[in-house]
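Take the sequence shown: its position 11, counted from the start at 1, is 30 in the numbering used here, and no numbers get skipped.
For glycine and all other residues, C-beta sits at the position ideal for the given N, C-alpha and C.
Report on one structure; see the data block that follows.
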Amino acid sequence: MSFFGIPELDANMDGLLNMVDQLETIQQRMNDLTAGATSEDEYITVTVDAKGQVAAIELNPRVMRKASEDLAEELRETINRAHAALAERSQELMSELTGAAGIDLDAALNGTGNVREAAEELIRIGRGDVTPEQANAAMRDATHRVTGFKQP
20 MSFFGIPELD
30 ANMDGLLNMV
40 DQLETIQQRM
50 NDLTAGATSE
60 DEYITVTVDA
70 KGQVAAIELN
80 PRVMRKASED
90 LAEELRETIN
100 RAHAALAERS
110 QELMSELTGA
120 AGIDLDAALN
130 GTGNVREAAE
140 ELIRIGRGDV
150 TPEQANAAMR
160 DATHRVTGFK
170 QP
């Protein structure tokens, strides 16, 4: 697609849009994640949702025979293992979706990418306020700021 009529800029814009699509896919799949863990004695099963909230706790009636302190500790450990499983699944999903693209997820998902600055650069480019060379450099920089992906 031609955004600017300059092949190199258009290619950079296509790349940026593809990365945004990929990040949206990651976000949707991350929102749908769940993970669970079962206690060693298999009396407690905990499921957590994508936000880390406990979505379900299943208790085998035999667990009620335990002392309250033991039950509390086993429940805490099982919840922690469910959270660890969620973190592991999240990392696996991110690696699967971004490994080949070279996207820096820390920048893209943890707020170091600056979408507003990138959008302002795109507006300047679209208005023709910069030379084609400056526009190309700005596009590479904007792509890096938003996604963490550094183009050569």
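Closer than 8 Å by C-beta to L112: which residues in its own chain qualify, once you throw out the five before and the five after it? Chain order, please. If you number the sequence shown from 1, residue 112 lands on position 93. Apart from the 5 residues on each side of it in sequence, L112 sits with its Cβ closer than 8 Å to the Cβ of I45, R48, M49 and L52 in its chain, given in chain order.
Which class does L35 belong to by DSSP, given the choice of helix, strand or coil? The count along the sequence shown starts at 1 and reaches residue 35 at position 16. In the structure shown, L35 sits in a helix (DSSP, three-state: H, G or I).
Closest by CA to V73, which one among N37, H102, L28 and E59? Position 54 of the sequence shown, counted from the start, is the residue given in the question as residue 73. Answer by Cα proximity: H102.
Continuous beta strand (DSSP E) stretch holding D68: start and end: The residue given as residue 68 occupies position 49 in the sequence shown. Start and end: I63 to D68.
In the DSSP assignment, what residue or residues form a beta bridge with T57? By 1-based counting over the sequence shown, the position of residue 57 is 38. Partner(s): T64.
Given a cut-off of 8 Å on the beta-carbon distance, is the pair T66 and T57 in contact? Within the sequence shown, the letter at position 47 stands for residue 66. Within the sequence shown, the letter at position 38 stands for residue 57. No, Cβ-Cβ distance for T66 and T57 is not below 8 Å.
Alpha carbon of A91 to alpha carbon of I98, nearest angstrom: Sequence index remark: in the sequence shown, residue 91 carries index 72 (1-based). Sequence index remark: in the sequence shown, residue 98 carries index 79 (1-based). Going from the Cα of A91 to the Cα of I98 covers about 11 Å.
Local conformation of L78 per DSSP, three classes: In the sequence shown, the residue the question calls residue 78 occupies position 59. Three-state result, L78: strand.
Smallest Cα separation from E61: which of G71, K70, L78 and A69? Mapped onto the sequence shown, residue 61 falls at position 42. When each option's Cα is compared against that of E61, the closest is L78.
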